[in-house]
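Enquirer: Protein chains in written order, with the working numbering: chain A, 6 to 142; chain B, 6 to 142.
Okay, handing you the structure first.
2 protein chains.
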Amino acid sequence: MSEAEARTLEALRAEGRRVTTARRLVVQLLARTSEHLTADELATRVHGAHPEIHLSTVYRTLDSLHGWGLVEHVHQPHGASFFHLAGAHRHLVCEQCGRIHDVPAAEFDALVARIRDVYDFELQVGHVALVGRCRDH
Amino acid sequence: MSEAEARTLEALRAEGRRVTTARRLVVQLLARTSEHLTADELATRVHGAHPEIHLSTVYRTLDSLHGWGLVEHVHQPHGASFFHLAGAHRHLVCEQCGRIHDVPAAEFDALVARIRDVYDFELQVGHVALVGRCRDH
DNA sequence: GTTCTTGCAAAAGCTTTGCAGGAAG
DNA sequence: CTTCCTGCAAAGCTTTTGCAAGAAC
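Structure follows, in structure tokens:
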């Protein structure tokens, strides 16, 4: 069990919440992959071992985890959002090929600071995918 | 008729397309408001004078105008996209109050250049709303 | 007249919700 | 045993699509 996985489950207990099969599996998947999975993709993988776990449960699990700050989701302009454990990278999505590039959050610090200073607005760069095009498109 | 309105209709003719009631009204609304209207809101306003114009027509109109580069749409993390005539400002949406702040596109030039140089990725900042929080939230 | 658009109805895709039964602590 | 979670089914919301009738040029 990865450190992130253990830490997340521990945080759950600390919140006084229950560690259920659905939650354990979702956290496991998120902790062990570097892919960017949607709720539907997570459900499909969960179904491998536990077909009874419903897609709506996956959504509720993700929503709860997000509620206690353990999971983040990224809205894509077309198609479903994807989810990952709370962390420090941002996402660039190519409109052409759909590939997702990870970029350190620090790349956006200067912009965030400037928007804060000039517009009194606290940007949350992680909550939506930044879209554009890969070099080859 | 505003300059933007005339210019947009002219571009339509130049494309060899037809100037229909639906298109004229949608362009008119977009040109005359500084609000950020969704397809549904546009349809509602169109219905004031022309109740027969269907929501799907509004969608198709917006899609066509987007196709010839006359209209842009901005995806919001929750809820419907909003539309505006092609222009040079970007949008910050407050997650708390929903207010939309306009910011000159130039604010993002440095970031766009850096992402291009370092990651070979051409950011299109205008296509999704940047979310965050107003100072007072 | 020809071609482009539209109205309508239906569906698609993602996500949320009500409710009653079931599991965790 | 009490409270929290889950399965299921249904619905919600935004957006897209097929098709035949209608409008623009």
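All C-beta atoms, glycine included, are put in the ideal place defined by N, C-alpha and C.
Model, not experiment: these values are computed from the prediction.
Taking the alpha carbon of phenylalanine 113 of chain B as the point to measure from, which residue in B:Arg37, B:His52 and B:Gly131 has its own alpha carbon closest?
Expert: Nearest option by C-alpha distance: B:Gly131.
Enquirer: Mind checking whether valine 136 of chain B and valine 133 of chain A have CB atoms under 8 Å apart?
Expert: For valine 136 of chain B and valine 133 of chain A, yes; Cβs fall inside 8 Å.
Enquirer: Between cysteine 102 of chain B and the rest of its own chain, which residues show a CB-CB distance below 7 Å, the 5 nearest in sequence each way excluded?
Expert: Cβ within range, chain order: Cys139 and His142.
Enquirer: Which residues in the same chain have their Cβ closer than 7 Å to the Cβ of glutamate 10 of chain A, if we skip the five residues on either side of it in sequence?
Expert: Taken in chain order, the residues that qualify are Val32, Gln33 and Ala36.
Enquirer: Going straight from the alpha carbon of valine 98 of chain B to that of alanine 19 of chain B, what length do you get?
Expert: If you take the alpha carbons of valine 98 of chain B and alanine 19 of chain B, they lie about 35 Å apart.
Enquirer: Cα-Cα, which of A:Leu60, A:Ala48 and A:Gln129 is closest to alanine 115 of chain A?
Expert: Checking every option, the nearest Cα to that of alanine 115 of chain A belongs to A:Gln129.
Enquirer: Have a look at leucine 67 of chain A and leucine 47 of chain A and give me their C-alpha separation to the nearest angstrom.
Expert: Whole-angstrom Cα-Cα distance: 10 Å.
Enquirer: What's the gap between the Cα of threonine 62 of chain A and the Cα of leucine 70 of chain A?
Expert: Spanning the two alpha carbons is a distance of roughly 12 Å.
Enquirer: With 9 Å as the limit, tell me which residues of the segment 113 to 135 of chain A have their beta carbon closer than that to any beta carbon of chain B; keep them in chain order.
Expert: Residues passing the 9 Å Cβ filter: Phe113, Ala115, Leu116, Val117, Arg119, Ile120, Arg121, Val123, Tyr124, Asp125, Phe126, Glu127, Leu128, Gln129, Val130, His132, Val133, Ala134 and Leu135.
Enquirer: Could you tell me the alpha carbon to alpha carbon distance between serine 39 of chain A and histidine 59 of chain B, rounded to whole angstroms?
Expert: Rounded to the nearest angstrom, the two C-alpha atoms are 44 Å apart.
Enquirer: Closest by CA to leucine 153 of chain A, which one among A:Gly92, A:Val76 and A:Ala111?
Expert: Outside the shown range of chain A (6 to 142) lies residue 153 of chain A, about which nothing can therefore be said.
Enquirer: Quick check on the burial criterion: 16 or more other C-beta atoms within 10 angstroms. Buried or exposed for histidine 78 of chain A?
Expert: Its Cβ being crowded by 16 or more others within 10 Å, histidine 78 of chain A is buried.
Enquirer: Going by DSSP in three states, glutamate 20 of chain B sits in which element: helix, strand or coil?
Expert: Three-state result, glutamate 20 of chain B: coil.
Enquirer: Listed from N- to C-terminal order along the chain, which residues in the segment 61 to 73 of chain B have their beta-carbon within a distance smaller than 8 Å of any beta-carbon of chain A?
Expert: Here the close residues number zero.
Enquirer: How should threonine 26 of chain B be labelled, buried or exposed, when 16 other C-beta atoms within 10 angstroms of its C-beta is the threshold for buried?
Expert: Label assigned to threonine 26 of chain B: exposed.
Enquirer: Ordered along the chain, which non-local residues of its own chain (more than five positions away) have a Cβ less than 7 Å from that of isoleucine 120 of chain B?
Expert: Contacts found: Phe126 and Leu128.
Enquirer: Kindly indicate the opening and closing residues of the alpha helix (DSSP H) around aspartate 122 of chain A.
Expert: Where aspartate 122 of chain A is concerned, the enclosing alpha helix (DSSP H) stretches over 114 to 124.
Enquirer: Figure out for me which residue from A:Ala85, A:Val108 and A:Glu15 has the closest Cα to the Cα of glycine 92 of chain A.
Expert: Answer by Cα proximity: A:Val108.
Enquirer: Have a look at B:Thr13, B:Gly21 and B:His41 and flag the residue whose alpha-carbon is nearest the alpha-carbon of leucine 30 of chain B.
Expert: That would be B:Thr13, whose Cα lies nearest to the Cα of leucine 30 of chain B.
Enquirer: Does arginine 50 of chain A come out as helix, strand or coil in the three-state DSSP assignment?
Expert: In the structure shown, arginine 50 of chain A sits in a helix (DSSP, three-state: H, G or I).
Enquirer: Between the Cα of leucine 42 of chain A and those of A:His106, A:Glu8, A:Arg23 and A:His89, spot the shortest distance and give me the residue it belongs to.
Expert: Of the candidates A:His106, A:Glu8, A:Arg23 and A:His89, the one whose C-alpha sits nearest the C-alpha of leucine 42 of chain A is A:His89.
Enquirer: I'd like to know if glycine 84 of chain A contacts chain B, where contact means its C-beta is closer than 8 Å to some C-beta of that chain.
Expert: Chain B, which has no Cβ nearer than 8 Å to the Cβ of glycine 84 of chain A, makes this no.
Enquirer: Is histidine 41 of chain B close to chain A? Criterion is C-beta to C-beta, closer than 8 Å.
Expert: Cβ-Cβ to chain A under 8 Å: no for histidine 41 of chain B.
Enquirer: Is threonine 43 of chain B helix, strand or coil when you go by DSSP?
Expert: Strand at threonine 43 of chain B.
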